[in-house]
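Below you'll find the structure, written out as structure tokens, and then a few comments.
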Amino acid sequence: MAKKGRKYAEALKLVDRTKKYNLDEAIELVKKTSYAKFDATVELAFNLNLNPKKAEQNLRGAIVLPHGSGKTRKVLVLAKGAKIKEAEEAGADFFGETDYIEKIQTGWLDFDVIVATPDMMGQLGRLGKLLGPKGLMPNAKTGTVTMDIAKAVSEIKAGKVEYRVDKSGNIQFIVGKTSFDDIKLNENIKTIYDVIIKSKPSTVKGVYIENVSISATMGPGIKINSDSMVATKSVK
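If you count by the numbering used here, then the sequence shown holds residues 301 to 536, one letter each, in order.
Below, the structure is given as structure tokens:
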């Protein structure tokens with residue numbers, strides 16, 4: 301623990317905790333402060349002026365990152381008939397009907413995402429107490445309850461990330477790995493920022509984004525000036 305503490309302290313010395321860095325500076329700094337011996341995950345965290353108890357402020361959805369998240373996700377598809385074949389051809393890791401629902405009931409959870417057709421939700425619903433707290437229950441808002449199985453699976457495999465605000469108004473995203481080049485991290489982050497801005501509930505008064513920061517696995521948080529996260533529109 302002491303060794304980890306020393307490395308964290310050394311990384312922390314590189315960060316001005318009172319400063320909000322421009323996005324390019326923050327990306328450069330998050331790589332410098334990553335001391336993990338593996339390809340660390342880069343996370344983006346928003347603290348928003350939201351009250352999740354209000355339905356319209358309980359933000360939830362999914363975003364397809366232009367350069368993926370760097371994380372391979374195992375996809376389970378629950379469907380019937382031709383949709384099972386569609387799932388297989390789209391690259392799903394597991395696909396079937398009630399056999400997989402029964403398997404989950406016995407404790408099997410060797411997957412990251414469930415995609416289900418609407419006609420499977422009635423049977424899957426009885427697993428809500430098991431899957432809900434783990435964030436594994438399919439939801440139409442995130443595109444995981446759908447008849448377009450091929451699209452859902454391909455987007456998840458390409459780097460689709462789900463998000464949901466917590467009780468304190470925080471939303472966290474995986475935006476890539478420290479091995480990603482700066483441009484890819486920059487574009488992933490700006491894509492997320494654009495969605496967060498467009499998702500602002502009309503009932504929110506005052507400052508919407510209270511704080512946004514970036515960090516690598518085990519590394520310190522680095523505050524970002526949100527104005528620098530606005531995507532530059534291409535000139536036609």
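C-beta: ideal position from N, C-alpha, C; glycine also.
What would DSSP say about residue i, mapped onto helix, strand or coil?
i	result
R373	coil
K441	helix
V535	Confidence is the limiting factor: at V535 the pLDDT is only 35, short of 50, which leaves the residue's position unreliable and the question unanswerable from this model.
A302	Note that A302 scores a pLDDT of 39, beneath 50, so its modelled location is shaky and nothing firm can be said.
N488	helix
V280	Lying outside 301 to 536, the shown extent of the chain, residue 280 is not represented and no answer is given.
L409	coil
D481	coil
Y335	coil
V530	coil
K467	coil
Residue range of the beta strand (DSSP E) that residue i falls in?
i	result
I414	413-416
I514	509-516
I524	It is not in any beta strand (DSSP E) - I524 carries neither H nor E in the DSSP assignment.
Taking the DSSP output, what are the residues bridged to residue i?
i	result
S502	Partner(s): none; S502 has no beta bridge.
I363	V461
Q357	Partner(s): none; Q357 has no beta bridge.
E343	I474, S515
F394	L376
L348	I509
Is the distance from the Cβ of residue i to the Cβ of residue j below 8 Å?
i	j	result
P438	V415	yes
E402	F395	no
T478	V342	yes
Y463	R373	no
M529	L323	yes
K383	T406	no
P520	A390	no
E325	T503	no
K517	A336	Note that residue 517 is Thr in the sequence shown here, rather than Lys. The answer is yes: Cβ separation under 8 Å.
L537	V475	The structure shown does not extend to residue 537, since the chain is modelled only from 301 to 536, so the question has no answer here.
Would you kindly report the start and end of the unbroken alpha helix (DSSP H) that includes residue i?
i	result
I384	382-390
L329	323-332
L431	428-431
G435	Segment: none, G435 is in no alpha helix (DSSP H) and carries neither H nor E.
T398	398-405
L314	Looking at the DSSP string, L314 is not in any alpha helix (DSSP H), and its letter there is neither H nor E.
G422	421-424
Would you mind working out which of the options sits nearest residue i, comparing C-alpha positions?
i	options	result
L348	K484, V465, Q405, A440	V465
N486	M421, S526, N470	S526
F473	K320, G459, Q423, E325	G459
I514	V330, D481, L314, G305	V330
F338	G370, T503, R317	G370
I509	E328, L350, D412	L350
D399	A450, K380, R317	K380
L409	G425, L430, G469, E455	L430
A450	A392, S468, G425, L424	A392
K484	K319, E328, G435	E328
G435	A452, P501, R426, D412	D412
Y493	S468, G432, I363, I456	I363
R571	V445, I404, T442, G443	This structure cannot settle anything about residue 571, because the visible part of the chain is limited to 301 through 536.
D448	P352, D419, H367, S334	D419
Within 8 Å (strictly less), CB to CB, does residue i reach chain B?
i	result
V415	Checking the listed chains, one finds no chain B in this structure; it contains a single protein chain.
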